[in-house]
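Here's the structure, in structure tokens; my notes come after.
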Amino acid sequence: MSFVELGLNAELLKATQRMGFEHPTPIQQMAIPPLMQGRDVLATAMTGSGKTAAFLLPILHNLMGKRRGTIRALVVAPTRELAAQITEHLRELAGQTGLTGAAIYGGVAMGPQEQAFRKGVDVLIATPGRLLDHLQYPYARLDGVEYLVLDEADRMLDMGFLPDVRRILQRLPKERRTLLFSATLPAPIVDLANDMLKNPVALNIERKSAPAVGVTHTVYPVSHDLKSHLLVELLQKGSPKTVLAFTRTKHRANRLADFLERRGVACARIHGNRSQAQRTEALLGFKKGRFQVLVATDIAARGIDVEALCLVVNFDVPHMPDDYIHRVGRTARAEATGDAYTFVSPEEEGELRAIERHIGKRLPRETLTGFDYAKRPAERLEIPIAERIAAIRARKSDERSRAKVNAERRGAQGVPSRSADGKPAWAPRGAQQTRSAGPKREGAGLAWLRQSTSRPAAGGFRREGASRPAFGGRSGSPR
Ligand code: AMP
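Add 13 to a position in the sequence shown, counting from 1, and you land on the number used in the working numbering.
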């Protein structure tokens with residue numbers, strides 16, 4: 014089937030040609046005809062399947078040549094990156110049609126986004142939280158919406174956005190078309206679909222979520238401490254141009270990025286503790302080839318769509334099998350090919366087995382020839398928590414025994430004892446007096462004590478029994 018056969022508007026056909034789309038992908042072939050006929054759609058689509066164009070093309074087709082100046086389509090997406098990605102896709106597809114769009118997400122100023130509402134762009138692409146922020150104001154109206162798309166609905170569920178989505182639904186006209194895209198269909202998403210969709214066309218519904226075809230999966234068993242060294246060696250041996258490496262936590266992402274930078278690897282990082290400007294900068298630099306490696310956490314990586322992404326590295330095995338599918342779906346997008354490496358430490362074997370069960374096959378194990386798997390690295394990415402606690406205990410015990418030896422030595426010399434932190438410890442009165450500067454010094458200490466206890470209850474210090482000013486009332490007044 015060709016795009017021409019789908020009966021799309023000529024300007025949209027030109028856009029698909031400009032973007033180098035030769036044929037519609039399976040999800041596009043299945044979703045576009047019912048959407049052009051005005052049906053609701055529930056689609057379980059693989060990540061990288063071309064689902065964005067599957068919903069944007071028919072919506073744009075239907076919006077063309079109709080009244081303008083009001084928001085007529087709303088796309089809700091779980092992350093800023095995905096919202097930005099969809100907006101970019103929209104700009105490319107709608108380029109010559111005259112239709113307009115805008116992205117609404119957090120981490121950037123509200124002002125320009127307010128203008129999008131006031132002007133009434135044709136398509137609004139929004140993350141739930143920021144959209145609700147705008148919806149508190151009278152300028153933010155969605156009563157002209159004819160199409161609602163919920164993209165990556167299962168991820169919205171994971172991120173706790175479903176209550177927000179339901180609040181947004183209350184602001185939309187009941188009479189509208191609704192499209193729900195989700196990689197998987199857990200029960201709450203099925204409930205939401207039942208509430209939102211009218212007689213939907215269900216696509217791929219029986220399909221179990223699976224990684225995109227064209228991905229070559231390889232597992233590298235390696236100890237926790239050697240993961241970063243193995244990555245550096247793999248980068249040196251294979252010289253992949255674009256590598257997306259996933260870590261489990263933001264801290265590990267930072268540490269890995271620092272480690273790679275110290276070894277001269279051009280590297281950027283993207284995670285929840287980075288500002289929107291930093292994330293955009295990192296992604297842009299990566300897309301332009303300024304960085305060989307982009308280190309990311311799962312949430313931040315949603316929506317990252319880099320053409321010709323060579324390699325995805327699961328630096329840490331993801332907790333959930335679905336995350337594995339989403340991660341490796343960043344390579345081999347739209348039927349291209351790519352590699353996915355997973356570094357598995359002995360502690361992570363159980364999680365890897367869960368992934369293998371989910372995708373229904375055992376992933377091949379590899380060892381990197383020439384890599385010293387037995388070496389004990391001088392520099393480690395992270396000291397395991399148990400080791401850190403043991404080190405703190407050993408240090409404390411060492412300090413205690415040193416303090417004891419010192420105290421015994423001082424006792425023998427007639428010097429007052431000191432605690433482990435070096436401050437004078439409680440000692441018999443007689444012993445202290447041998448070291449004090451006499452009555453004058455003692456008197457100065459008492460003067461300070463007297464002064465502070467007789468000071469009025471201001472500046473946060475209050476004597477026991479002093480009258481407390483009532484909150485917002487006059488100082489000293491009875492409560
Ligand atoms: P998506 O699943 O929407 O995130 O799309 C993944 C990638 O596939 C994007 O880079 C699209 O530009 C690309 N794509 C979408 N449709 C097609 C198509 N028909 N032929 C080739 N690439 C496509």
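Each residue gets a CB set at the ideal place from its N, CA and C atoms; glycine is no exception.
Residue nearest to residue i in terms of C-alpha spacing, selected from the options
{"i": "Lys374", "options": "Ala44, Gly133, Arg366", "result": "Arg366"}
{"i": "Glu362", "options": "Pro91, Ala115, Val330", "result": "Val330"}
{"i": "Val341", "options": "Ala309, Val88, Ala425, Glu360", "result": "Ala309"}
{"i": "Pro141", "options": "Met169, Ala153, Pro151, Thr262", "result": "Met169"}
{"i": "Arg189", "options": "Val245, Arg179, Gly173, Gly51", "result": "Gly51"}
{"i": "Leu182", "options": "Phe68, Pro377, Glu159, Leu376", "result": "Glu159"}
{"i": "Ala107", "options": "Leu175, Asp156, Pro47, Leu21", "result": "Leu21"}
{"i": "Pro253", "options": "Val203, Gly351, Gly78", "result": "Gly351"}
{"i": "Leu150", "options": "Val162, Arg131, Ile405, Ala139", "result": "Here the sequence assigns Tyr to residue 150, which means Leu is not the residue at that position. With distances taken between Cα atoms, Tyr150 lies closest to Arg131."}
{"i": "Glu18", "options": "Leu155, Tyr354, Pro46", "result": "Pro46"}
{"i": "Ala266", "options": "Glu246, Ala66, Lys301, Asp311", "result": "Asp311"}
{"i": "Ala258", "options": "Ala281, Asn75, Gly61", "result": "Ala281"}
{"i": "Ala139", "options": "Asn75, Asp204, Ala90", "result": "Ala90"}
{"i": "Leu273", "options": "Glu392, Gly285, Gln426, Met209", "result": "Glu392"}
Bridge partners - residue i, DSSP secondary structure assignment
{"i": "Ile138", "result": "Val88, Ala116"}
{"i": "Gly61", "result": "DSSP, once it has assigned bridges, lists no residue as partnering Gly61."}
{"i": "Gly351", "result": "Val228"}
{"i": "Phe130", "result": "DSSP output for Phe130 lists no bridge partner at all."}
{"i": "Ile283", "result": "Ala309"}
{"i": "Ala56", "result": "Phe194, Leu216"}
{"i": "Tyr160", "result": "Ala86, Arg190"}
{"i": "Val357", "result": "Pro234"}
{"i": "Arg378", "result": "Val232"}
Residue i in three-state terms, based on DSSP
{"i": "Thr29", "result": "helix"}
{"i": "Asn327", "result": "strand"}
{"i": "Ser195", "result": "strand"}
{"i": "Arg184", "result": "coil"}
{"i": "Arg190", "result": "strand"}
{"i": "Arg80", "result": "coil"}
{"i": "Phe259", "result": "strand"}
{"i": "Ala309", "result": "strand"}
{"i": "Val17", "result": "helix"}
{"i": "Pro234", "result": "strand"}
{"i": "Tyr150", "result": "coil"}
{"i": "Tyr386", "result": "coil"}
{"i": "Ala460", "result": "Note that Ala460 scores 33 on pLDDT, short of 50, meaning its location in the model is unreliable; the coordinates nonetheless yield the value given after this. Helix, per DSSP."}
{"i": "Leu322", "result": "coil"}
{"i": "Phe174", "result": "coil"}
{"i": "Ala44", "result": "helix"}
{"i": "Arg415", "result": "helix"}
{"i": "Arg393", "result": "coil"}
{"i": "Gly302", "result": "coil"}
{"i": "Ala433", "result": "The predicted model places Ala433 with a pLDDT of 46, which falls under 50 and marks its position as unreliable, so this point remains unresolved."}
{"i": "His332", "result": "coil"}
{"i": "Glu364", "result": "helix"}
{"i": "Val121", "result": "coil"}
{"i": "His36", "result": "coil"}
{"i": "Gln109", "result": "coil"}
{"i": "Lys254", "result": "coil"}
{"i": "Ser288", "result": "coil"}
Proximity of residue i and residue j at Cβ, strictly below 8 Å
{"i": "Leu216", "j": "Met43", "result": "yes"}
{"i": "Ser497", "j": "Leu394", "result": "The structure shown does not extend to residue 497, since the chain spans only 14 to 492, so no value can be given for it."}
{"i": "Leu248", "j": "Val278", "result": "yes"}
{"i": "Pro199", "j": "Asp167", "result": "yes"}
{"i": "Val88", "j": "Asp164", "result": "yes"}
{"i": "Leu307", "j": "Ile283", "result": "yes"}
{"i": "Ala115", "j": "Leu95", "result": "no"}
{"i": "His147", "j": "Ile117", "result": "yes"}
{"i": "Val134", "j": "Ile84", "result": "yes"}
{"i": "Asp260", "j": "Phe304", "result": "The residue you asked about is not Asp; residue 260 is Thr in the sequence shown. The answer is no: Cβ separation not under 8 Å."}
{"i": "Cys323", "j": "Val232", "result": "no"}
{"i": "Gly124", "j": "Arg93", "result": "no"}
{"i": "Ala23", "j": "Phe194", "result": "no"}
{"i": "Leu144", "j": "Leu243", "result": "no"}
{"i": "His102", "j": "Leu69", "result": "yes"}
{"i": "Ala196", "j": "Asp335", "result": "yes"}
{"i": "Thr113", "j": "Leu161", "result": "no"}
{"i": "Lys187", "j": "Asp53", "result": "no"}
{"i": "Asp238", "j": "Pro390", "result": "yes"}
{"i": "Ala206", "j": "Leu55", "result": "yes"}
{"i": "Arg276", "j": "Val245", "result": "yes"}
{"i": "Thr29", "j": "Met77", "result": "no"}
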